[in-house]
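In the numbering used here, the protein residues as written are 372 to 509.
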Amino acid sequence: MPLQTDQDIVALLTSARTIAMVGASDRPDRPSFGVMRFLQSKGYRVIPVNPQLAGRVLHGEAIVATLSEIGDKIDIVDIFRNSAAAGAAIDDAIAAGAGAVWTQLGVFNDEGVARAEAAGLKAVVNRCPKIEISRLGL
372 MPLQTDQDIV ALLTSARTIA MVGASDRPDR PSFGVMRFLQ SKGYRVIPVN PQLAGRVLHG
432 EAIVATLSEI GDKIDIVDIF RNSAAAGAAI DDAIAAGAGA VWTQLGVFND EGVARAEAAG
492 LKAVVNRCPK IEISRLGL
């Protein structure tokens, strides 16, 4: 069962330090662009993941092609992909040893979330960390 209570989400967000953002965009009109900057302003290290932009820099962080390229511990994988593509991103998060997966608003992949939870990852579905941080006063 995905984390949906405020208490669970607060616990996840306050314990996390590193967030990998799958589907990060260098386009200012894309939601991930602003969410990444916001999360950085709150003290998180956000590592952008986008194979089409790999090797470039976004908001001071090198963009990597895949989660497997990140050498550091990943607390949360924030997924900015559509529901169909989210399953592969979740599988990559499991393989990378992430602590949690977080799907953005409108992104649902029940099978992927079930695999994540079976592998011991926490999951948050259909929410935005920027909205939740603001709403919860974090």
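Even glycine gets a Cβ: it sits at the ideal position worked out from N, Cα and C.
- Among the bridge pairs identified by DSSP, Ala471 is matched with Lys493.
- With contacts defined as CB atoms closer than 8 Å, Val495 and Leu374 qualify as a contacting pair.
- Val417 is the residue among Phe404, Val417, Gly394 and Gln475 whose C-alpha sits nearest the C-alpha of Arg388.
- Put simply, the backbone Cα of Arg506 is about 33 Å away from that of Glu440.
- For the pair of segments examined, the segment 451-466 was found not to touch the segment 428-436: the number of CB pairs separated by less than 8 Å stays below three.
- Under the three-state reduction of DSSP output, Pro402 falls in the helix class.
- The C-alpha of Ala391 lies about 22 Å from the C-alpha of Gly508.
- Contact fails between the segment 482-491 and the segment 419-426, because fewer than three Cβ pairs, one in each stretch, are under 8 Å apart.
- A direct Cα-to-Cα measurement between Gly426 and Glu503 gives close to 30 Å.
- For Ala391, the three-state secondary structure derived from DSSP is strand.
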